[in-house]
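Please read the structure below before turning to the comments.
In this note's numbering, the protein residues as written are 18 to 380.
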């Protein structure tokens, strides 16, 4: 029987739990991922903080102790939630690694242990991104009681020993083991660290803020193959922690109607979290004034183009203003550079109404 990646990861975690032979620590997992979506207090694997859901995890562990979560008294106190992925082995070597970053962050911010379980080094030689390690270390330091740990999916012995330690219900021993994992994380981080980031638009939309440009349209968030919400949220939370707490993202191919549609979608936790993350400013094309009318027209013409739509496929020629680009992706890269320069040169500015709204939000 062939297993999906999600099932393989869950089976791996379950096997580690069996080997740990725990007496106190109980496990929660589901065969169907839609069951993960429920809040922990309702029997699921999702953490909700201040009304905002984090990404669901694959497997959770708890003690049969009384606790109150979001006003609901339950007798299954969460201790550890694990989000596992084989993404690195499947070729997710760039920013796509950020797609699962927010899932393990929720438990950490809630005050328990969140683990991102993935290969440190894939068989291809690709390694876990340095910024995932750094973001996790920063979030652990910021959290009062929580920890964000990045563990190697191939180091089963470490996971087994960690579960055995937690099972003892000895806080000092658990904290010492967490320190051991953090030491491993720091060592792995030092081997891959680069601290490189793409250039951002500085002092936009207001002074001291940095803005990242995205050219995804509505289809990228709503088609079966589009998981851009996961990646954008993970990247935003990660880079906001590492580089600059004053952070904005600008969607040039979404208008306010698109944003309203996304906000009203059910079961779209990542998009909901993106729009409700404190200190994260989200902008769309309707928030902007264009002095450069030519680039505004280009954006309007390009708004609904998607890379898999017939002639607009990645490898097909894409003609814009008499220039032939080798596919939509190539054109999008060129357009991004020109939009970046237009923002720097104030050919595109923020509308006063939006500026006033931002001022109220951050004050």
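We put the beta carbon where it would ideally sit given N, CA and C, even for glycine.
Bear in mind the structure is a predicted one, so any value in this text is a computation, not a measurement.
message: With three or more C-beta pairs closer than 8 Å as the rule, is the region 137-153 touching the region 174-187?
response: Segments in contact, no.
query: So the beta strand (DSSP E) residue 129 belongs to, where does it begin and stop?
result: Neither: residue 129 is in no beta strand (DSSP E) and is coded neither H nor E.
- request: Taking only runs that begin and end inside the region 170-248, name each unbroken alpha helix (DSSP H) of 4 or more residues, in chain order.
  value: The region 170-248 contains these whole alpha helix (DSSP H) runs: 173-184, 188-209 and 235-239.
task: Could you check what DSSP says for residue 101 in three-state terms: helix, strand or coil?
output: Looking at residue 101 - three-state DSSP - the assignment turns out to be strand.
message: Determine whether the beta carbon atoms of residue 306 and residue 368 lie at a separation below 8 Å.
response: Note that the C-beta distance between residue 306 and residue 368 is below 8 Å.
message: If I measure Cβ to Cβ from residue 209 and keep anything under 6 Å in the same chain, skipping five residues before and after, which residues do I get?
response: Around residue 209: 144 and 147.
task: Please state whether DSSP places residue 136 in a helix, a strand or coil.
output: In this structure, residue 136 counts as coil in the three-state DSSP scheme.
message: Which same chain residues end up closer than 8 Å to residue 66 when comparing Cβ atoms and leaving out the 5 residues on each side of it in sequence?
response: Cβ neighbours of residue 66 within its own chain (closer than 8 Å, five residues either side excluded): 123, 126 and 127.
- request: Would you list the one or two residues that DSSP bridges to residue 299?
  value: Looking at the DSSP output, residue 299 shares a beta bridge with 266.
task: Give the single residue among 68, 105 and 46 whose Cα lies nearest to the Cα of residue 76.
output: With respect to the C-alpha of residue 76, the residue from 68, 105 and 46 having the closest C-alpha is 46.
task: Could you check if residue 18 is buried or exposed, using at least 16 other CB atoms within 10 Å of its CB as the buried criterion?
output: Bear in mind that a pLDDT of 35 at residue 18, under 50, signals an unreliable position, so the number given afterwards is only what the model happens to contain. That one is exposed.
message: Using 8 Å for Cβ pairs, my map puts residue 290 next to residue 69. What's the rounded Cβ distance?
response: For residue 290 against residue 69, the beta-carbon gap comes to about 6 Å, under 8 Å, which counts as contact.
- request: Give a yes or no on contact between the region 159-167 and the region 191-210, applying the rule of three or more CB pairs nearer than 8 Å.
  value: Under the three-pair Cβ rule at 8 Å, the region 159-167 counts as touching the region 191-210.
- request: Please classify residue 190: is it buried, with 16 or more other beta-carbons within 10 angstroms of its beta-carbon, or exposed?
  value: By the neighbour-count rule (16 or more Cβ atoms within 10 Å), residue 190 is not buried but exposed.
message: Could you compute how far the alpha carbon of residue 260 sits from the alpha carbon of residue 284?
response: Annotation: residue 260 to residue 284 spans about 30 Å, alpha carbon to alpha carbon.
- prompt: Do you know offhand how far residue 140's Cα is from residue 313's?
  reply: Answer to the nearest angstrom: the Cα atoms are 45 Å apart.
- request: Quick one: using the 10 Å Cβ neighbour count with 16 as the cut-off for buried, is residue 156 buried or exposed?
  value: Buried.
- request: Find out if the Cβ-Cβ distance for the pair residue 177, residue 101 is shorter than 8 Å.
  value: In this structure, residue 177 sits away from residue 101, with a CB-CB distance that is not shorter than 8 Å.
message: So, with DSSP's three-state summary, where would you put residue 163?
response: Look at residue 163 here: in three-state DSSP terms it is coil, with no helix or strand label.
message: Relative to the C-alpha of residue 365, which candidate in 321, 309 and 220 has its C-alpha closest?
response: Comparing Cα positions, the closest option is 309.
Residues near residue 300 in its chain [Cβ-Cβ closer than 8 Å; skip 5 each side]: Annotation for residue 300: 222, 228, 265, 266, 267, 268, 367 and 371 place their beta carbon closer than 8 Å to its own, counting only its chain and skipping 5 residues before and after.
message: Please classify residue 331 as buried or exposed, where buried requires at least 16 neighbouring CB atoms within 10 angstroms.
response: Annotation note: pLDDT 48 at residue 331 (below 50); position unreliable, coordinate value reported separately. Counting Cβ neighbours within 10 Å, residue 331 comes out exposed, since fewer than 16 surround it.
- prompt: Closest to residue 316 by CA distance: which of 351, 294, 297 and 81 is it?
  reply: Of the listed residues, the one whose Cα sits closest to residue 316 is 351.
field: residue 58 beta carbon less than 8 Å from that of residue 92
entry: Their beta carbons are not under 8 Å apart, which means residue 92 does not touch residue 58 by this criterion.
message: Just to check my reading of the structure: residue 287 and residue 250 have Cβ atoms closer than 8 Å, yes? What is that Cβ distance to the nearest angstrom?
response: Correct: roughly 5 Å between the Cβ atoms.
First and last residue of the uninterrupted beta strand (DSSP E) at residue 45: Residue 45 -> beta strand (DSSP E) spans 43-46.
message: Going by DSSP in three states, residue 305 sits in which element: helix, strand or coil?
response: Looking at residue 305 - three-state DSSP - the assignment turns out to be strand.
- request: Please state whether DSSP places residue 168 in a helix, a strand or coil.
  value: DSSP, reduced to helix, strand and coil, places residue 168 within a strand of the structure shown.
- prompt: Assuming residue 118 and residue 95 make a contact with CB atoms under 8 Å, what is their CB distance in whole Å?
  reply: The Cβ separation is near 20 Å, so there is no contact.
message: Within the continuous beta strand (DSSP E) that includes residue 90, where are the two ends?
response: Under the DSSP assignment, residue 90 falls in the beta strand (DSSP E) whose first and last residues are 89-91.
message: Report the CB separation of residue 302 from residue 282 in whole angstroms; it is logged as a contact under 8 Å.
response: Actually they are not in contact, since the Cβ atoms of residue 302 and residue 282 sit about 20 Å apart, beyond 8 Å.
field: In DSSP terms, what residue 84 is bridged to
entry: By DSSP's assignment, residue 84 forms a beta bridge with 91.
- prompt: Per DSSP, which one or two residues make a beta bridge with residue 374?
  reply: BP columns for residue 374 are empty, so no partner.
field: For residue 288, the three-state DSSP class (helix, strand or coil)
entry: Note: residue 288 maps to helix in three-state DSSP.
- request: Give me the Cα-Cα distance between residue 138 and residue 105, rounded to the nearest whole angstrom.
  value: For the pair residue 138 and residue 105, the Cα-to-Cα distance works out to about 8 Å.
message: Taking 8 Å as the limit between beta carbons, can you name the residues of its chain near residue 248, skipping five residues before and five after?
response: Sequence-distant partners of residue 248 (beyond 5 residues in either direction) whose C-beta falls short of 8 Å from its own C-beta, in its chain, are 112, 113, 115 and 116.
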